[in-house]
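To keep things clear, I will list the structure first and then write my remarks on it.
In our numbering, the protein residues as written are 3 to 196.
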């Protein structure tokens, strides 16, 4: 296999000046080689990069996480059997509510069940008082709910919470409304790209 095929190219593809690779092709090859080297190092360590990343990020190794439909059953109570099963689960052991589940639950309550921002915030407030429900980034979720009541888009606010949790120093966007909606108490500043 020649170098062009090894980098994902084609041997008969036209080359840059004087038959060499273009700057873009060189950059793609470097990125590809770097990724391959990282995968190789992970393989040599007896694992793959994904499982190593999962291990490092795992903050709650002994908790089961809930799906959105479990939270919705607890809030809406539209299926008595599933609601009872959900309650039994959380009464038996602590369970994690991932940030992505919080995000999707807000969307389901707003879009499908036509709940208002105040109703959604009240529902989450009630859930955060349940001893065995462990919300990922709880303080950030509470901040995002406050911003929702003030008229912000909940998903945008959760993106900011996640950016903060990941250690970002800001949240760059083309949407100028996000900067205003996040307000002065934003976990990280929303930065409008102009």
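Yeah, the Cβ is synthetic: ideal placement off N, Cα and C, and Gly gets one too.
Residues bridged to residue 193 (per DSSP): 174
Taking the straight line between their C-alpha atoms, what separation do you get for residue 111 and residue 146? 15 Å
Please classify residue 134: does DSSP put it in a helix, a strand, or coil? coil
Once the 5 residues before and after residue 119 are set aside, which same chain residues still bring their CB inside 7 Å of it? 150, 151
When we look at the beta-carbon of residue 104 and count the other beta-carbons within 10 Å, is it buried (16 or more) or exposed? buried
Would you check if the distance between the CB atom of residue 178 and the CB atom of residue 158 is smaller than 8 Å? no
Looking at the unbroken alpha helix (DSSP H) that takes in residue 98, where does it start and where does it end? Per DSSP, residue 98 belongs to no alpha helix (DSSP H); it is in the beta strand (DSSP E), 97-99.
With contact counted as at least three CB pairs below 8 Å, one residue from each stretch, are the segment 161-171 and the segment 122-133 in contact? no
Thinking C-alpha only, which one of 74, 187, 138, 190 is nearest residue 100? 138
List in chain order: all unbroken alpha helix (DSSP H) runs of 4+ residues lying wholly within the segment 138-164. 140-151
With residue 173 and residue 165 assumed to form a contact (beta carbons below 8 Å), what rounded beta-carbon distance in angstroms separates them? 5 Å
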